[in-house]
Every structure is written in structure tokens, then in C-alpha cells.
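Worksheet: one structure, shown below.
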Amino acid sequence: MLKLSYLVNPVFLKIYKMKNANLPLIKILMIVMALFLMNGISAQTTIPEETTTSETETKDSNWIEEITSRVTPYGTIRIGAGFAEEGEIGISNNAPRIGLKFKHALSNDEAENFNVIGGIEFGVNLVSRDDTVEFAVDPGAGIAQVGDAVFARLGFVGVSYQDFEFTFGKQNSVYYTLGANQIDRFLAFGGAAIGVWNISDGGISGTGRANQVFILKYKNKGLTLGAQMQARNISDNSESIDTYGFGVNYTIDGFTIGAGYNKVNDGVEDPLPNQAKEGDEAFVTSASFEKDRFTVAASYAILKQHQQVGDIFYDATGIEFYARYKFSTNQRWHVAAGFNYLKPDDDENLGDFDSKFGIVEVGYNFKKASHIFVAADIDQSEDSNGDSRNQSVFGIGIRFGF
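Have a look at this one:
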């Protein structure tokens with residue numbers, strides 16, 4: 001903008017030096033010149049109201065589009081009602097959650113494919129957790145958050161570049177995503193035999209939603225490789241790398257095979273609830289096949305000091321099996337069946353203790369990632385004396401995804 005004094009002062013001085021000058025006239029001339037200049041400057045800097053409104057709306061629209069192009073919200077409402085064989089009736093959560101994923105390019109050149117990535121996910125307790133009528137082995141929350149109305153399930157940030165991805169925070173382990181994920185298909189029940197959700201959500205040992213973990217993944221076509229390490233200070237045995245794990249997964253023509261391994265370095269002999277057991281080690285391998293209407297999957301796990309009953313940690317082997325057939329013309333209806341079997345090693349002195357149950361399920365897919373279903377958990381688990389350990393449960397439920 002022009003400064004008024006630069007234009008007015010020279011003129012004023014020239015007039016002031018004139019002989020017989022009339023001061024009132026000089027004042028009038030100065031006022032007129034000042035008003036003229038101010039009006040000119042205002043005309044140059046004032047934007048018509050319609051233009052301002054239009055530009056503001058455009059900026060707001062661009063800002064909203066920019067945010068929504070980078071952030072993806074998601075969630076599932078999962079709840080069921082169950083009927084236990086001894087007459088108990090209960091309503092229970094089935095791991096409902098809401099979350100956001102984001103991805104932001106760090107370069108305008110899309111060919112470089114260099115991005116900041118991340119996500120946050122919250123679990124929601126729609127109703128109180130019912131231990132008798134239980135739809136999921138995974139409680140959804142960490143050891144200190146079970147029972148909270150809202151709690152953090154995941155939270156991580158990182159970068160991706162072409163086929164590589166590096167993230168850190170609380171996130172799904174490579175043991176689960178690469179070695180065991182293909183068996184996690186039932187709408188209710190299951191997930192009890194391969195060691196993913198030990199000590200609550202598997203965050204402490206690193207096999208489930210691992211706490212304070214760094215993960216590096218490489219993805220190319222059907223191959224995915226992963227490595228992780230946890231860094232935390234939760235015991236006197238803490239090290240630079242407190243746990244580590246590896247995973248591999250390969251998919252081709254509907255067939256997928258994967259494996260995962262996890263080892264604890266900072267375990268203690270007599271762990272507190274938020275500590276891992278000394279000698280904790282887990283290995284899992286899984287395979288699945290999908291073609292047209294049919295899906296089949298199986299997992300096998302070897303677990304060392306990883307599973308827990310009461311205050312006792314034990315070695316065990318586990319098997320999970322799943323089969324599904326879509327039987328309607330529109331392929332929205334399906335029937336599924338399978339089983340979980342976990343058996344301690346013979347030298348664990350746990351007698352007849354085991355976990356074994358069959359699962360039967362009928363579901364209807366009424367929307368993408370949304371189902372209504374009926375399912376039965378036919379439980380034959382035994383305690384150390386050979387007596388029945390859990391009740392069988394019949395349930396109905398809904399899973400609404402968005």
C-alpha cells in the first residue's frame with residue numbers, strides 16, 4: 001500500500017512556500033487530496049463481497065477434501081446374546097471397535113511413493129463383558145484396560161516407501177498378521193489355541209496387539225515379510241530388545257501360507273500381571289485356500305511358557321481349523337464349522353487339562369463387512385481332574401461394519 005505522507009508532504013511544502021498563499025485554501029486542498037488518495041487505495045485493496053465468499057467456500061471445500069482424502073474412518077459394532085447349557089443367558093461384546101487410518105504423501109511425485117502413515121483404534125464396551133457367555137477369547141483391551149468403557153486398541157505412526165513399511169507404537173504383531181490371521185474368520189468364538197491372545201490382548205508378549213513395538217514389513221506381489229521388536233521397561237530383566245519376532249506370508253491363486261515366530265527376552269520367573277514369563281516363545285504356521293464358494297483354513301502352534309491357567313504357565317501345542325461354504329445363489333448366506341484344540345505337553349503335570357471345542361455357524365452377509373449370525377460353541381474342555389471346564393454356548397449376534 002502507498003503511504004499517504006509520501007504524496008501529501010511534498011505538495012504541502014510547495015504550496016506553503018508560495019507568497020500570498022491562503023491557508024484555508026491549502027487546508028481544503030490537502031483534505032481533498034487525502035480523501036482522493038485514500039479512496040484510490042481502498043478501491044485497490046477491497047475485494048467484492050461475492051468474491052470473498054466464493055473464495056472462502058472454495059478454501060473450506062479444498063480443506064475438507066484434503067483431509068478426507070488422507071484419512072479413512074472405519075469401525076464395527078459387534079454384540080451378541082448367548083444361552084449357556086446350564087441355563088444362563090447373557091449379552092456380551094464381541095470386540096467392537098472404531099478407528100482412523102491416515103496416509104499422507106511426502107512428495108508431489110507419486111512415483112516416489114514416500115508417505116507418512118498411521119492409525120488409531122479404540123475399543124468400545126457396549127455392554128459389560130460376560131465371562132459365562134463369551135464370544136471372543138480376545139478381550140479387546142490390554143491387561144489394565146479390561147472393563148473400561150472406551151480404551152485404546154491400536155495407535156501407531158510410521159513411513160512407507162515403495163514396497164517397505166516401517167511403523168512404531170501399539171499395533172498388530174507379525175506373529176498374528178502374517179502367521180495366524182488367515183484362521184481368524186469365525187464371527188463368534190475361536191482363537192483360543194494358537195497363542196495370539198495370551199495375557200489379555202497379547203500386548204505384553206508381543207504375539208497379539210503388541211505394546212511399544214517397532215515393525216518393518218516388505219510387500220511385493222503375493223509375498224510379505226515382517227520383523228518386529230519391543231522396547232519397554234517392565235521388568236528387572238529389561239534389555240535393549242525385550243522381545244523380537246518374524247513373519248512370512250505368501251498368497252497365490254487363492255492359496256495362502258504363513259508362519260510367525262516370537263520370543264521374549266525380558267521375562268521373569270514369577271511375573272506380575274503386566275510382565276511376560278521367562279522362556280516365553282511361540283511359533284505358528286497357517287494355510288488357507290479360497291475358491292468360489294468354498295474356504296478352508298488351518299493353523300498349528302508350538303507354545304513354550306506362553307499359555308496360562310491361573311498362576312501357571314505351561315508348554316503346549318495347538319490346532320485350529322475352519323471351513324466355510326456360501327450356499328445361496330447370491331452368496332450372502334454361509335455355513336461354517338471348525339474346532340480349537342490346545343493340549344499341554346505331557347511333562348507339564350496338568351493332568352487331563354486341555355481346551356477343546358467345536359464351532360458351528362450360519363451367517364447372512366447383508367452389507368459389506370456386516371453380518372447377522374447364529375453360532376454354537378460345543379465345548380468339551382477338561383480340567384486337570386478330567387471334569388468339564390466350560391459350558392457349551394448357543395449365540396445369536398450382529399456384526400455391522402462401516
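With this note's numbering applied, the sequence shown covers 1 to 402.
The beta-carbon is built from N, C-alpha and C at its ideal position, and this holds for glycine as well.
Since this is a predicted model, take the numbers as computed values, not measurements.
Range of the contiguous beta strand (DSSP E) that encloses residue i
i	result
Leu223	Leu223 to Gln230
Val360	Ser355 to Lys367
Gly190	It is not in any beta strand (DSSP E) - Gly190 carries neither H nor E in the DSSP assignment.
Leu216	Arg209 to Asn220
Leu178	Per DSSP, Leu178 belongs to no beta strand (DSSP E); it is in the alpha helix (DSSP H), Val174 to Gly179.
Asp377	Ser370 to Asp379
Asn249	Thr243 to Ile252
Phe394	Val393 to Gly401
Limits of the unbroken alpha helix (DSSP H) element including residue i
i	result
Val133	That residue, Val133, is in no alpha helix (DSSP H); it is neither H nor E in DSSP.
Thr329	First-last for Thr329: undefined, no H or E at that position.
Separation of residue j from residue i, as counted between CA atoms
i	j	result
Lys221	Glu88	49 angstroms
Lys263	Tyr244	6 angstroms
Phe373	Tyr364	6 angstroms
Ile252	Thr224	12 angstroms
Lys368	Arg332	10 angstroms
Glu85	Gly395	11 angstroms
Gly208	Gly351	28 angstroms
Glu320	Phe327	23 angstroms
Lys219	Gly169	20 angstroms
Phe289	Ala337	15 angstroms
Gly260	Asn181	10 angstroms
Ile234	Gln145	17 angstroms
Ala227	Asp292	33 angstroms
Glu239	Val268	12 angstroms
Val393	Asp383	18 angstroms
Tyr250	Gln308	31 angstroms
Lys103	Tyr74	14 angstroms
Gln380	Ala210	31 angstroms
Leu303	Asn349	16 angstroms
Thr256	Ile241	30 angstroms
Tyr404	Phe294	It is not possible to answer for residue 404, since the shown part of the chain is limited to 1 through 402.
Lys101	Thr72	5 angstroms
Phe312	Val150	According to the sequence provided, residue 312 is Ile. The question's Phe does not apply to it. One C-alpha to the other measures close to 30 angstroms.
Ser388	Ser69	53 angstroms
Thr329	Trp197	37 angstroms
Arg232	Asn274	11 angstroms
Distance CB(residue i)-CB(residue j) smaller than 8 angstroms
i	j	result
Asp280	His306	yes
Gly191	Ala136	yes
Gly401	Thr76	yes
Leu178	Gly82	no
Asn93	Gly397	no
Arg399	Ser370	yes
Gly195	Ala282	yes
Ala375	Leu187	yes
Phe357	Asp377	yes
Asp138	Asp201	yes
Gln403	Val213	Because the chain spans 1 through 402 in this model, residue 403 falls outside it and cannot be assessed.
Pro96	Val124	yes
Ala193	Ala301	yes
Gly206	Gln230	yes
Paired residues, beta bridge with residue i - DSSP
i	result
Pro73	Leu100
Asn413	Here the chain has residues from 1 to 402 only, and residue 413 is not among them.
Glu165	Ser160 and Lys217
Pro344	Ala316
Ala282	Asn262 and Leu303
Leu272	Bridge partners of Leu272: none, in fact.
Ala105	Asn115
Glu430	It is not possible to answer for residue 430, since the shown part of the chain is limited to 1 through 402.
Leu154	Glu121
Gly338	Tyr322 and Ile359
Gln182	DSSP output for Gln182 lists no bridge partner at all.
Glu382	Asp354 and Ser388
Gln145	Answer is none; Gln145 lacks a bridge partner.
Val309	Ile312
Leu257	Reading off the sequence shown, one finds Ile at residue 257, where the question assumed Leu. Note: Ile257 sits in a beta bridge opposite Tyr250 and Ala287.
Integer Cβ distance of residue i from residue j, believed to fall under 8 angstroms
i	j	result
Val159	Phe166	6 angstroms
Ile183	Ala298	7 angstroms
Leu154	Ile120	7 angstroms
Ile204	Val127	With 8 angstroms as the limit, Ile204 and Val127 do not qualify as a contact, their Cβ atoms being about 26 angstroms apart.
Ile98	Phe122	6 angstroms
Val415	Val335	Any question about residue 415 goes unanswered here, given that the chain covers just 1 to 402.
Ile359	Phe189	5 angstroms
Asp270	Ala316	Not really, about 20 angstroms apart at Cβ, beyond 8 angstroms.
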